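Asks: In the working numbering, the protein residues as written are 5 to 451.
Positions of the beta carbon are idealized from the N, C-alpha and C atoms, including for glycine.
Model, not experiment: these values are computed from the prediction.
1. How would you call residue 334, buried or exposed, if buried means at least 16 neighbouring beta carbons within 10 angstroms?
2. Quick one: complete alpha helix (DSSP H) runs, 4+ long, within the stretch 236-267?
3. Which whole-angstrom value describes the C-beta separation of residue 255 and residue 213, a residue pair presumed to lie in contact below a C-beta threshold of 8 angstroms?
4. Which word fits residue 10, buried or exposed, when buried means at least 16 other C-beta atoms lie within 10 angstroms of its C-beta?
5. Within this structure, are the beta carbons of residue 317 and residue 188 separated by less than 8 angstroms?
6. Starting from residue 100, follow the alpha helix (DSSP H) in both directions and report where the run begins and ends.
7. Could you have a look at residue 117 and say whether DSSP puts it in helix, strand or coil?
8. In the DSSP output, what is residue 215 paired with across the bridge?
9. Can you tell me where the alpha helix (DSSP H) with residue 427 in it begins and where it stops?
10. Between the Cα of residue 235 and the Cα atoms of 309, 208, 272 and 280, which residue gives the shortest distance?
11. Secondary structure at residue 405, three-state DSSP: helix, strand or coil?
12. Using the Cα positions of residue 134 and residue 320, report the straight-line distance between them to the nearest angstrom.
13. With a threshold of 16 other CB atoms inside 10 Å of the CB of residue 61, please say whether the residue is buried or exposed.
14. Please classify residue 5 as buried or exposed, where buried requires at least 16 neighbouring CB atoms within 10 angstroms.
15. Looking at residue 298 and residue 435, is the spacing between their C-beta atoms short of 8 angstroms?
16. According to the neighbour-count rule (16 or more other Cβ atoms, all chains shown, within 10 Å of its Cβ), is residue 442 buried or exposed?
17. Residue 402 to residue 265, Cα distance in whole Å?
18. If we ignore side chains and look at the alpha-carbon of each, how far apart do residue 286 and residue 296 end up?
19. Taking three-plus beta-carbon pairs below 8 angstroms as touching, is the stretch 215-229 in contact with the stretch 243-258?
20. Can you grab the Cα-Cα spacing for the pair residue 311 / residue 270, in whole Å?
21. What is the residue span of the beta strand (DSSP E) that residue 362 lies within?
22. If you run the structure through DSSP and keep just helix, strand and coil, what is residue 233?
23. Do you know offhand how far residue 98's Cα is from residue 91's?
24. Run through DSSP, which three-state label would residue 313 get?
25. Based on the DSSP secondary-structure assignment, which residues constitute the bridge partners of residue 399?
26. For residue 381, which beta-bridge partners are listed by DSSP?
27. Got a sec, what are the start and stop residues for the beta strand (DSSP E) residue 68 sits in?
Below, the structure written as structure tokens:
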């Protein structure tokens, strides 16, 4: 009897010992640049890279090669990502000349070894490849456009905007893209802000663009809203387009009544060339922080010609948080459902007051982390609803409208399944992603 008990205890001890073991961590060939760390959320072993003396005037291409002693399945992939957001990384490069990355390994046992780190063609670190079989070599790459080039281009486009009053033309005028700084955020129609959902007039918000999904044997179907930010780019919510192909989307700048899909009367058909969703948007996650990068850029096949019905919005450059001690109101326009749960063929707009994260948490009965790059707004009885996703919240400053947020989430009533106007809407905070927007609109020449 005693022997059996001792044997049983011995088995338990051995099992506990085996469960407590983890794959051995390889030695780093360059500890000043590459280290193995434990991810704070997943508890997985990751690779951490810190580059120093990074030149803000040059594009930064990082090539990393790792080797793992295993044959990998198709779903076992490695990723090279920035340790911080792109915006924060730009600040680090400009101010501290550093850039930090992390590697998600395809497997945790065995842990891959580092073979090489190459920056702009120059090898900075060299290790040994695994020589035994099985072995898989993985090459990873990440490129950052020179921060100063981005900032200079952005400043050239937008910083020349000065508050001034212009005479509104009474006839249709075609404007070339070089007049972006003169046209952004302006409308030929006087906009008197309403407190509840009010029908808009054609050309009242000329940066608002309806998006349609093409179907094989049917007319395209409206699904989301986008906003003109350059002559070649639209901004929308990532959740609208993350699982779509460019050829599936038809954009109609200048379109007012979406019951008629023909071009004309100021509206055009615009095809999409490329969809760029933010790399940090996690569509499958239920965690609010994983979905706070709900933002995407759509690159058009051809440049837009600006008219009184087609104009870009001004981008909000100040990344400082808004002072919640004073009321900040914005305007949202889209083709979403109204309070009667019916779809509209012409856009409505409403005013929304931005509230603090604490107020939003209490209203929605959820916990909103301080680091979440979102904000919330009420609607004074009218809020963003189904069909308004991707719509811009714009704020008036010195007779121009500036893009502050993108509609991300709205709340449905659990009983009626209609949009609950007593609940706040959640917006992606656009200024938090201003450098990402600049990168994804950088490669187009607007002349």
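Replies: The relevant details are as follows:
1. Classification of residue 334: buried, given that the 10 Å Cβ count is 16 or more.
2. Counting whole runs of 4 or more residues, the stretch 236-267 contains the alpha helix (DSSP H) stretches 242-245.
3. At roughly 5 angstroms, the Cβ-Cβ gap stays under 8 angstroms, so residue 255 and residue 213 are in contact.
4. Note on residue 10: pLDDT 33, under 50, position unreliable in the model; no value is reported.
5. A contact, by the Cβ cut-off of 8 angstroms.
6. Secondary structure note for residue 100: its alpha helix (DSSP H) is the uninterrupted segment 90-100.
7. Residue 117: strand per DSSP, three-state reduction.
8. For residue 215, which the question treats as bridged, DSSP gives the partners 228 and 255.
9. Annotation: residue 427 is outside any alpha helix (DSSP H) and is labelled neither H nor E by DSSP.
10. Taking only the C-alpha atoms, the option nearest residue 235 is 309.
11. Strand at residue 405.
12. Each residue's alpha carbon lies about 50 angstroms from the other.
13. With fewer than 16 other Cβ atoms within 10 Å, it is exposed.
14. At residue 5, the pLDDT of 40 sits below 50, so the modelled position is not reliable and the matter cannot be decided from this model.
15. Contact flag unset, no.
16. Residue environment: residue 442 is assigned as buried (16 or more neighbouring CB atoms within 10 Å of its CB, all protein chains considered).
17. Their Cα atoms are separated by approximately 35 angstroms.
18. Going by the C-alpha atoms only, they are around 9 angstroms apart.
19. With a cut-off of 8 angstroms, the stretch 243-258 and the stretch 215-229 count as touching, because enough Cβ pairs lie within range.
20. The alpha-carbon atoms of residue 311 and residue 270 are separated by roughly 8 angstroms.
21. Looking at the DSSP string, residue 362 is not in any beta strand (DSSP E); the run it does join, the alpha helix (DSSP H), is 361-368.
22. Three-state DSSP puts residue 233 in coil, outside helix and strand.
23. Those two C-alpha atoms are separated by around 11 angstroms.
24. Coil.
25. According to DSSP, which records beta bridges pairwise, residue 399 is partnered with 406.
26. According to the DSSP secondary-structure assignment, residue 381 is paired through a beta bridge with 358 and 429.
27. For residue 68, the enclosing beta strand (DSSP E) begins and ends at 64-72.
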